[in-house]
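Chain order of the listed sequences is H and P.
Under our numbering, the first residue of the first sequence carries the number 1357, and numbering increases by one thereafter.
Under our numbering, the first residue of the second sequence carries the number 15, and numbering increases by one thereafter.
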Amino acid sequence: MEFRTGSGDPKILLRELAEAPAAVRRIVAHPYLAVRGIARGGLPSFWDLVAFALLFGTLLLVSFGTSQFGAPLSALEKTPVDLHPSALPYYALRTTLRMAAAMVVSLVFSIGYASLAAKSKRAERVLIPLLDILQSVPILGFLTFTYTFFLGLFPGRVLGAELASVFVIFTSQAWNMTFSIYQSLRTLPPDLSEACTSLRFGPLQRFRRLELPFAMPGLIWNMMMSMSGGWFFVVASEAITVGDQTITLPGVGSYVATAILQMNRGAIGWAILAMLIVILLYDQLLFRPLIAWGEKFRADNEPGQVQPESWILRMLQRSRFAALMWRPFDNALNRILRPRRAAVAVSQSSLQLPAWTPLALDIAWYGAIVLTAAYGVWTTGRYISHSIGFGEVGHAVLLGLATMTRVILLVALASLIWVPIGVAIGLRPRLAAMAQPAAQFLAAFPANLLFPVAVALIVSFHLHPDIWLSPLMIFGTQWYILFNVVAGASVFPHDLRDAAGNLHLRGWLWWKRAMIPGILPYYVTGAMTAAGGCWNASIVAEWVTWGHTHVQAFGLGAYIEQASTDADYPRLVLGVAVMSLFVVGFNRVLWRPLYSSAERLAGIDE
Amino acid sequence: MNEESRNPAPASAPAATSAAAGQPGETVLQVRGVRRSFRRPHGEPLVVLESVNLDLHKGEIIGLLGRSGSGKSTLLRIVAGLIKASDGEVIYRGQPLHGAAEGISMVFQSFALFPWLTVLQNVEAGLEAQGVPPDEMRELALRAIDLIGLDGFANAYPRELSGGMRQRVGFARALVVNPTILLMDEPFSALDVLTAETLRTDFLDLWIENKLPIKAVLLVTHNIEEAVFMCDRILVFSANPGRVVAEIKVPFKHPRNRLDPRFRQLVDDIYSRMTVRADAGKATVLSIGERLHEVSTNLLAGLIETLASDIYHGHADMPALAQTLALEVDEFFPLAESLQMLGYAEIANGDVHLTPLGQQFALADTQSRKVGFAKQMLTRIPLAAHIKSVLDERPGHRAPAVRFLSELEDYLSDSAAEQTLRAVTMWGRYAELFTYDDAAETFSLEMPEAETVG
């Protein structure tokens, strides 16, 4: 009896086929490939040409953009930033490459760090709280240290400054990606995990077949968020003054910095336009395809409601040229990752350790950590008391309170404006579909490019900087509130809306009973992101210049920026430390409890 | 019924060795005194699986039959090398087993397919780990796919397939590595009735015609009919702690006829064996740590009303009733036992009948049902009485849930303790014995009407 239940009526018995030549087998295994191969003959398609052009264009651009890395630092000073618009594409390229390099570093880091934290209990105890602190540290405060460090590594080379800039962007991108992977690794589906063990996967195969794919959707989303946050920092990190040395790396950021110095309004307009185009291109060429591709890694076995689409992905999938280019990589990957029979046999034997080993390791590990931490506290205390005294700490905390007041007021204000708008948009699916990318785009746009405009206004209208510099802090991050609320409102259950209508819920009662509980988890996520961004932005927003005009607000951000410009390291460390404490405290006391109660209210499990 | 040889193994020491006469073939796997327990911070270690002995012979399908929490899945996972035994060992190919072994593969209840791999890639994944060269891998995978009836689907992703087709992929992936022993963890329970039956018969056809490389099968199930339909021997497990209470030989030849009176008789017989413990437990006084099943009060009321109706007149045969209500054993037993625990029904010899209290309940209106239910809970379920008395004693009439949970954890595993507490919360709310605030995780006596008016 032939076992054929459930399949249609195949013309060829696959058992016969198993003995057929490999080429025939491949065709049957991939009927789609076979049909296309026959139908399209050997002629390259339009998509092939596009793919070809894209590939070699990219290669060319990368080699062009990196050709200066080996040059001495003095070369930067000899070639000042050219404010002519025709120079902008090159600067945009350099900025983009910096972003890409930082993203690669972030990926490698986050995978390594998250795997370590997810697999070792001992590492987890230290790494996760550390990560939590790291993501709360205002990165811009560290610009000075970073540059000093990397310029020291490569004295007098452009490479050092480039690395410093990449490092700054990396520190703005890596943490949430790491959290996302860690979260995925902790919540691997138990049945798939068991299947891996049962199929006797090695660690590499497990990573490739289970862990990485499962983490992929979250990772892609967080990459996109990181990238959108990163533009802000790339702009801020390209032109930096450390003490008496000013370094301007060729890029959109330094273009803007120079334009500000020369009070060239036209150049700023061009820079904004260039940035818009770059962000659009990144979105279209990188993230739309990634998201559409990432769909296949969703662990729920049901098809998603709205399938994200991307013309680039479609092109790559249809282009035979792209497939041809990819094949060697795929083969190499398979060759590296494929376990050998010999290796499989070896891994069977296991190491026998005495029973007290774990306890001894625990004592040694945690002991070392406690000692290191104690030493760190002692050194910091001594450093501060010797150099600036503890009175300065009080001053910094006071400044911190001022900035905190601003952050709270701004988030509240932005919420009052954007929540009703967001809900109104989210409840209209068509509008939401259009508004969502726009809001994401606005969030990605580096708001610091617009600061000069604000300064000009403040100066010409004689406005009070303590008040009128504040909106700049939230300018770039308020969009997180908008698009999270839009997302929340657009998934608000239809039956609940109908029920609310049926019960004649109107006005405030409608918000209180139906809408607010429904969107709260989304809103909290957005507000948390916006507030976090505000703290960081305060460093550049409380201290703004236009030409030689200088406007400053009373706050911790200005304090840090000033210490940074003066190369006053003790005050810089103090300022950054105080701000980190404020952010961590904010997260623990306000956002986390709020988020968990919001989740419970909205009926989301766990 | 006289052909079958039973081992009426005493519940205390279930030496379920199958040295019975007439066993075919060599022994492919031995389970020797395998036991699993957890250490807990205080009190005795919690036993999940009492010591089990089992010989798996060539040509046998052995069923591990029991309800959730009876340790059957634990035993299967120990044999699969997914978890470690606390005591005892599994002997395979003359050696104690450490971790997942070559030649033992597993089919999962949830299929456990990688959603991001195609059918072909999923099947190849099993070979990949063994370092099979790509060409050979493709060939073997295609053969397995063909064997299991998936031709034409090689390129599909799991999400494009129906449940039945997905489980076929699960089978193909398990079979492609040429295993000696196939472990099946409730492989058909996530499928609808028709699909499950097709898969069962297809599998048995291959098995009987010797088209499969496997020498023996271990099948975990909670479906009595499925066990009698497929297995040569059935180990019946009981819960808390999990242990083997009986070993039953199935004397029928394949293909088996479900309507055969002898088949039906054996199913009935196993039903009553599985309710033995509940029957004996009737006389004993329950403790605070008695496990409660999370069964909704609507279901309880529904079953009482069904039993009281003109069709059953307060008395029903359990297998027949379960089938009529389209309830699996795993769903039906907790229901019937909860009724027994509350004194609304009696279970004996695979039958269930309503007590006078149960009849009364069926006729009563909502409010008197609740009053009666509260009384039954307080008198028959020590945990409910305990919570109520603690709340009565405390000045604010409030108590945190953690308190009762940690008390329960002295008797039950963590998950069973949580389930029991959820069950008593649900029943207590229905009976208006106490209220529970989920946000604060506290029990209290105050009813919310007073505060939320307006």
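Where is the CB? At the ideal position from N, CA and C, for every residue including glycine.
Every value quoted in this text rests on a predicted model; they were computed, and no experiment measured them.
Between the segment 1645-1654 of chain H and the segment 1561-1575 of chain H, the count of C-beta pairs closer than 8 Å reaches three or more; the two stretches touch.
For residue 1936/H, the uninterrupted alpha helix (DSSP H) segment begins and ends at 1925-1942. Separation of residue 133/P and residue 1686/H (C-alpha to C-alpha, rounded to the nearest whole angstrom) is 19 Å. Looking at the DSSP output, residue 1906/H bridges to 1901/H. Rounded to the nearest angstrom, the Cβ distance from residue 1931/H to residue 1497/H is 6 Å, consistent with a contact under 8 Å.
In the structure shown, the three-state DSSP call for residue 79/P is strand. Residue 1688/H is classed as exposed because its beta carbon has fewer than 16 other beta carbons within 10 Å across all chains shown. Under the three-state reduction of DSSP, residue 302/P is assigned to coil, being neither helix nor strand.
If you look at residue 198/P, you'll find it in the beta strand (DSSP E) that goes 195-199. At least one CB of chain H lies nearer than 9 Å to the CB of residue 129/P.
Between the alpha carbons of residue 1757/H and residue 1821/H lies a distance of about 17 Å. DSSP places residue 348/P in the helix class (H, G or I) of the three-state scheme. Per DSSP, residue 43/P is one residue of the beta strand (DSSP E) stretching across 41-52. In the structure shown, the three-state DSSP call for residue 247/P is strand. Within the segment 1536-1557 of chain H, those residues whose Cβ lies closer than 7 Å to any Cβ of chain P are, in chain order, 1547, 1548, 1550, 1551, 1553, 1554, 1555, 1556 and 1557. Identification of chain H residues near residue 124/P by a Cβ-Cβ cut-off of 7 Å yields 1547, ordered along the chain. By DSSP's assignment, residue 1602/H forms a beta bridge with 1597/H. When DSSP reads this structure, residue 450/P sits in a beta bridge with 457/P.
With respect to the 9 Å criterion, residue 365/P and residue 344/P are not classified as neighbours on the basis of their beta carbons. Annotated three-state conformation of residue 341/P is coil, per DSSP.
Exposed is the label assigned to residue 1746/H, since fewer than 16 other Cβ atoms lie within 10 Å of its Cβ. In this model, residue 1908/H and residue 1446/H are separated by some 33 Å (Cα to Cα). Between residue 1942/H and chain P, the shortest Cβ-Cβ separation is not below 9 Å. Contact annotation: the segment 193-208 of chain P touches the segment 231-247 of chain P, with at least three C-beta pairs closer than 8 Å. Chain H has no Cβ within less than 9 Å of the Cβ of residue 207/P. Non-local C-beta neighbours of residue 1489/H in its own chain, meaning closer than 8 Å and more than five positions away in sequence, comprise 1936 and 1940, ordered along the chain. Chain P has no Cβ within less than 9 Å of the Cβ of residue 1862/H. By the criterion of at least three beta-carbon pairs nearer than 8 Å, the segment 1577-1584 of chain H is in contact with the segment 1792-1805 of chain H. Of all residues in the segment 1447-1478 of chain H, none is placed with a Cβ closer than 9 Å to any Cβ belonging to chain P.
Distance check between residue 1829/H and each of 1630/H, 1875/H and 1887/H places 1887/H closest, using alpha-carbon atoms only. Of all residues in the segment 1556-1571 of chain H, those with a C-beta nearer than 8 Å to a C-beta of chain P are 1556, 1557, 1558, 1561, 1565, 1566 and 1569, reading in chain order. Residue-level contact check: residue 1797/H does not touch chain P, since none of the beta carbons of chain P fall below 9 Å from its beta carbon. Interface flag for residue 1858/H against chain P is unset, since no Cβ pair is found closer than 9 Å.
Taking a contact to require three or more Cβ pairs closer than 8 Å, the segment 247-264 of chain P and the segment 58-75 of chain P qualify as touching. Within a 10 Å sphere around the beta-carbon of residue 310/P sit fewer than 16 other beta-carbons, which makes this residue exposed. Neighbours of residue 119/P in chain H, taken as residues whose beta carbon is under 7 Å from its own, are 1554 in chain order.
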